[in-house]
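>
Residue numbers (my numbering): 24 to 209.
#1: Would you identify the three-state DSSP class for residue 121, choosing helix, strand or coil?
#2: Select from 196, 164, 122 and 182 the residue whose C-alpha is nearest the C-alpha of residue 93.
#3: Does the count of Cβ pairs from the segment 97–109 and the segment 121–141 closer than 8 Å reach three?
#4: Report the rounded CA-to-CA distance for residue 121 versus residue 135, giving the unit in angstroms.
#5: Excluding the 5 residues flanking residue 67 on each side, which residues of the same chain have their C-beta closer than 8 Å to its C-beta?
#6: If you reduce the DSSP assignment to three classes, tell me which class residue 116 lands in.
#7: Please classify residue 153: does DSSP put it in a helix, a strand, or coil?
#8: Excluding five sequence neighbours on each side, which residues of the same chain lie with their C-beta closer than 8 Å to the C-beta of residue 75?
#9: Could you please give the first and the last residue of the uninterrupted alpha helix (DSSP H) stretch that includes residue 182?
#10: What does the alpha-carbon distance come out to for the pair residue 143 and residue 91?
#11: Buried or exposed, going by whether 16 or more other CB atoms sit within 10 Å of the CB of residue 166?
#12: Taking its Cβ as the centre, do 16 or more other Cβ atoms sit within 10 Å of residue 201, making it buried, or is it exposed?
Given below as structure tokens:
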């Protein structure tokens, strides 16, 4: 009698067990975290590619551009650009080192917090440095009191807006990767 009751109970519970085992939240969470990591890595690689292509074009602009940038400005821009490219490469390596399948949740959180802190710092530093460089360009003789000065100021505003939007999207991806989608951890 007890054995038959046990069999009936087991048969009634068995479909629920199968649903529970296939509907775990850990597997989709791992997949989504991997997806966030891939998206963040792809965005950083695209950013690095744009930097690698655009910096040599700007630095060699005296050879091909009708607007002659001063050599001192080009050298400063080139040095800052090379440092920025190296910082982006380091950021990409930090993101690649995060192993979603092998790390525990706390290790993923620590790694993403380290990435977030580094990313915020380099964005702040290089945004300020590039804004100073572009502001310096406005006051150099070829641009001072010229219509070209307006173009430089417009370029500063447009690139700052684009950079802010990209920064916000990347921080959102980093937050989702760490599992704290709405956190404001500094």
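Idealized CB from N, CA, C, for every residue including glycine.
These figures come from a predicted structure and were not determined experimentally.
In short:
#1: If you number the chain shown from 1, residue 121 lands on position 98. The answer is coil: DSSP assigns residue 121 none of H, G, I, E or B.
#2: Taking the chain shown and counting its residues from 1, the one referred to as residue 93 is at position 70. Closest option to residue 93, Cα to Cα, is 164.
#3: no
#4: Here residue 121 corresponds to residue number 98 of the chain shown, with the count starting at 1. Here residue 135 corresponds to residue number 112 of the chain shown, with the count starting at 1. Approximately 8 Å, taken between the alpha carbons.
#5: For the purposes of this step, residue 67 is taken as residue 44 along the chain shown, with counting starting at 1. Around residue 67: 111, 114, 115, 118 and 193.
#6: For the purposes of this step, residue 116 is taken as residue 93 along the chain shown, with counting starting at 1. Looking at residue 116 - three-state DSSP - the assignment turns out to be helix.
#7: Numbered from its first residue, the chain shown carries residue 153 at position 130. Correct three-state label for residue 153: helix.
#8: Against the chain shown, residue 75 aligns to sequence position 52. Within the same chain, residue 75 has close Cβ partners 108.
#9: On the chain shown, residue 182 is found 159 positions in, with the first residue counted as 1. Residue 182 -> alpha helix (DSSP H) spans 170–201.
#10: The sequence position of residue 143 within the chain shown is 120, counting from 1. The sequence position of residue 91 within the chain shown is 68, counting from 1. So the two alpha carbons sit approximately 33 Å from each other.
#11: Numbered from its first residue, the chain shown carries residue 166 at position 143. When all chains shown are included, residue 166 counts as buried.
#12: Here residue 201 is taken as the residue at index 178 of the chain shown, counted from 1. Flag for residue 201 reads buried.
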